[in-house]
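Below you'll find the structure, written out as structure tokens, and then a few comments.
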Amino acid sequence: MRVAEALVRLLEELSVEYIFGIPGVHTLPIYDALRDSSKIKHVLARHEAGAAGMADGYARASGRPGVCLLAAGPGATNALTAVSNAYLDSQPLVVLAGGIKTTTWGRGGIHEYDQLSIFRPVTKLSVRPHSPSEVLDTVTNAFESSMNGRKRPVFVELPFDYLLAETTYIRGEIGEKPVLSPSREEVEEAFRLISRARKILIILGGGVVSSEATREASILAHLLHAPVCTTIMGKGAFDESDPQFVGQLFTEESISCASEADLVVALGCRFSERSTGAWRLRMKELIHVDIDSSELGRNYKPTLAVNADVKTFLEALLVLLNSRISEIRTDKEWYKKYARQQEGANYCVSSGVLTASAVVSEVLRLAPDDTVFSVDTGYSFWHTVTRVRTREPRRYLCSAGNSAMGFALPAAIGAKLARPDKNVIAFVGDGSFLMSSQELATAVELNIDLTVVVLNDSGYGSIRDYQEQSFGGRLIACEYRSPEIEMIAKAYGAKSATAKTREEVNEFVEEALRKGGVNVLDVRITPAERVLPDFLTSTYRK
Numbered sequence: 173m174r175v176a177e178a179l180v181r182l183l184e185e186l187s188v189e190y191i192f193g194i195p196g197v198h199t200l201p202i203y204d205a206l207r208d209s210s211k212i213k214h215v216l217a218r219h220e221a222g223a224a225g226m227a228d229g230y231a232r233a234s235g236r237p238g239v240c241l242l243a244a245g246p247g248a249t250n251a252l253t254a255v256s257n258a259y260l261d262s263q264p265l266v267v268l269a270g271g272i273k274t275t276t277w278g279r280g281g282i283h284e285y286d287q288l289s290i291f292r293p294v295t296k297l298s299v300r301p302h303s304p305s306e307v308l309d310t311v312t313n314a315f316e317s318s319m320n321g322r323k324r325p326v327f328v329e330l331p332f333d334y335l336l337a338e339t340t341y342i343r344g345e346i347g348e349k350p351v352l353s354p355s356r357e358e359v360e361e362a363f364r365l366i367s368r369a370r371k372i373l374i375i376l377g378g379g380v381v382s383s384e385a386t387r388e389a390s391i392l393a394h395l396l397h398a399p400v401c402t403t404i405m406g407k408g409a410f411d412e413s414d415p416q417f418v419g420q421l422f423t424e425e426s427i428s429c430a431s432e433a434d435l436v437v438a439l440g441c442r443f444s445e446r447s448t449g450a451w452r453l454r455m456k457e458l459i460h461v462d463i464d465s466s467e468l469g470r471n472y473k474p475t476l477a478v479n480a481d482v483k484t485f486l487e488a489l490l491v492l493l494n495s496r497i498s499e500i501r502t503d504k505e506w507y508k509k510y511a512r513q514q515e516g517a518n519y520c521v522s523s524g525v526l527t528a529s530a531v532v533s534e535v536l537r538l539a540p541d542d543t544v545f546s547v548d549t550g551y552s553f554w555h556t557v558t559r560v561r562t563r564e565p566r567r568y569l570c571s572a573g574n575s576a577m578g579f580a581l582p583a584a585i586g587a588k589l590a591r592p593d594k595n596v597i598a599f600v601g602d603g604s605f606l607m608s609s610q611e612l613a614t615a616v617e618l619n620i621d622l623t624v625v626v627l628n629d630s631g632y633g634s635i636r637d638y639q640e641q642s643f644g645g646r647l648i649a650c651e652y653r654s655p656e657i658e659m660i661a662k663a664y665g666a667k668s669a670t671a672k673t674r675e676e677v678n679e680f681v682e683e684a685l686r687k688g689g690v691n692v693l694d695v696r697i698t699p700a701e702r703v704l705p706d707f708l709t710s711t712y713r714k
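Count the sequence shown with the working numbering and you get residues 173 to 714, in order.
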């Protein structure tokens, strides 16, 4: 048995469902072995950024590692932005890439450069096995590493000659997942701080979702009668229809709530620029719990820092709280002051052209409650992040840390494969659509149900907004002649239409959700509607 064949067998035993990739000469031994696999489906992307983006979307929607297989050299580097999206948002990916023959190292072989160093800054681990006999253990360790502790991508380079070497298949054992637990003293100190506070705000980040601690977080909030807000990656960690939900952390309501609180309990968040409204939070006392010790105290100095798995911490804290609940003195009515109101939309401006907020509101009205939304940056993000009400995690996918254009379509495809039972809707701008539109061919080939709504303002809307608000309206390189997106989508085999009215949006989306298939709606919107919050435009002012 060759190493490539043993590798595919290992991936089968690791319960890999899909591998996203594009073949290259250095990965052909793996592809040859995949041809005989009845358990793993290969998804042929049209660009390596799409392959890694689909793997990322699969991971975000399922919580399991997404796997992509990349050609050596340009195939690998094409995926770099998508891998960095997963890295910054703490998503588990296993990135397998071809490598040149070890016998040609240093001789100028095709695709020869230091892939490990290129990927090291955006992965948890970037490795190459030292010999053919180490390939299986290296890949096994990659899966472990991607899921243990803070979930993040792992990059593995597999030299061509290693894949052709003979081996005996011995499955590397997956070790028991280590759990980082809080000390008894840390839990008791957390209880002491909570018991003396009257007004407590709870902030939930992506670490709550990652550790599967949403149930425990909800119990804590209701025990303490505490208002709850979430970071961008924490969206869905708390039921947004719950009266105790305040909103996204960057909103004015959340900023005010944090300032008034006697104590803030922050779980699994890193207090990033966008999530905090450019670090406008002011807190009297802070309990910060995170599995990554480097995040504790990085942006805000905590009263109590706990380096632990969020779920394990909450389980221990809830035991103590329930046994001493009579000592809790929180204000049971305070959360009502910050209860979230449903955000409205302006349906058109004076020209009569639809606004992005109107389109988003109309689609949300039609979409089933359990829909998975994949959204791109710019208009798509800012008009959905506070309007989409999620009741559970992994229903709102976005490039939060990287804010990368072209994210939504590949991620939506991966999400649909991970959750075939759910409706998946992607919101993209016309600029973002043009960066990954080729993956429509992949979606059509997969015969999946997917609805893509293009918010088309013939330009880069958020850049225009920055220039108007922060650079005195001196516009440059933010407008262009948009191609006929309807025709592009149809050329790839999707059903498509162009909409200019609310009724046309309604008709197309209703039919798309009813009949299924790959559907692309090009909605012409006004560029006059502001999209960016003031804290961003004031931060990047000339």
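The beta-carbon is built from N, C-alpha and C at its ideal position, and this holds for glycine as well.
Same chain, Cβ closer than 7 Å to residue i, neighbours up to 5 away in sequence not counted
i, result
"K594", "D542, T543, V544"
"S642", "T709, Y712, R713, K714"
"G682", "Reading the sequence as shown, one finds Glu at residue 682 and not Gly. These residues qualify, in order along the chain: L538."
"T199", "L241, A243, G270"
"P699", "D629, G631, G633, R636"
"G573", "L260, D261, S444"
"S317", "K296, L297, V326"
"A795", "Outside the modelled stretch of the chain, which goes from 173 to 714, sits residue 795, for which no answer is possible."
"K483", "S383, E384, A385, E388"
"L458", "V436, A438, Y472, P474, T475"
"A719", "Residue 719 cannot be examined here, being either before or after the span of the chain that is shown, 173 to 714."
Status (buried if at least 16 other CB within 10 Å, exposed otherwise) for residue i
i, result
"H302", "exposed"
"L647", "exposed"
"E499", "exposed"
"G645", "exposed"
Beta-carbon contacts of residue i that lie in its chain and below 6 Å, excluding the five residues immediately before and after
i, result
"P399", "L373, Q416, V418, C429, Y507, Y510"
"A590", "Y230, A233, S234"
"A576", "T253, N257"
"L734", "Any property of residue 734 remains undetermined from this structure, which presents the chain solely from 173 to 714."
"V180", "A205, L206, S209"
"T670", "E658, D694"
"H214", "I191, L206"
"T273", "It should be pointed out that residue 273 corresponds to Lys in this sequence rather than to Thr. Once the five neighbours on either side are set aside, the close Cβ partners of K273 are F332, D333."
"S187", "none"
"D503", "R370, K371"
Short Cβ contact (8 Å threshold) for residue i with residue j
i, j, result
"V557", "D637", "no"
"G238", "L265", "yes"
"L335", "R174", "yes"
"G321", "P565", "no"
"S701", "T527", "The sequence shown places Glu at residue 701, not Ser. Yes, the Cβ-Cβ distance between E701 and T527 is below 8 Å."
"V740", "E534", "With the chain running from 173 to 714 in the structure shown, residue 740 is simply not present."
"V560", "A598", "no"
"L453", "Y472", "yes"
"F579", "D621", "no"
"V380", "V326", "no"
"D228", "G586", "yes"
"E361", "L536", "no"
"L468", "L392", "no"
"D411", "R653", "no"
"G196", "G247", "yes"
Identity of the residue in the options nearest residue i by Cα
i, options, result
"V695", "S529, T475, E177", "S529"
"E611", "P582, D621, P592, S634", "P582"
"D706", "A389, V326, E424, L179", "E424"
"T448", "P293, I463, V461, S431", "S431"
"S609", "Y664, R567, V197", "Y664"
"E306", "L330, R324, W277, H283", "L330"
"G377", "D481, A615, V188, E640", "D481"
"K687", "R674, A666, E675", "A666"
"P201", "I212, E185, E177, L182", "E177"
"C570", "R218, E184, G225", "G225"
"N479", "D462, V491, S495, L489", "D462"
"T716", "E338, H219, I342", "The chain is shown only over 173 to 714; residue 716 falls outside these bounds and no answer can be derived."
"R324", "V294, I497, H397", "V294"
"V159", "T673, K211, T249, L395", "With the chain running from 173 to 714 in the structure shown, residue 159 is simply not present."
"L618", "K588, E338, V299, S426", "K588"
"T340", "L182, T249, E675", "L182"
"R446", "D464, T403, K456", "T403"
8 Å CB neighbourhood of residue i in its chain, flanking five on each side removed
i, result
"T275", "D333"
"R470", "R442, F443"
"Y285", "G245"
"V626", "V600, G601, D602, F605, I657, V692, L693, D694, V695"
"I497", "L395"
Near the ligand HEM: residue i beta-carbon under 7 Å from a heavy atom
i, result
"S447", "Absence of the ligand HEM is noted for the structure shown, with no ligands found whatsoever."
Identify every run of the beta strand (DSSP E) within the region 529-615, keeping only runs that are complete inside it and at least 3 residues long; order them along the chain.
544-547, 596-601
Ordered list of beta strand (DSSP E) runs contained in the region 196-225, each at least 3 residues:
213-216
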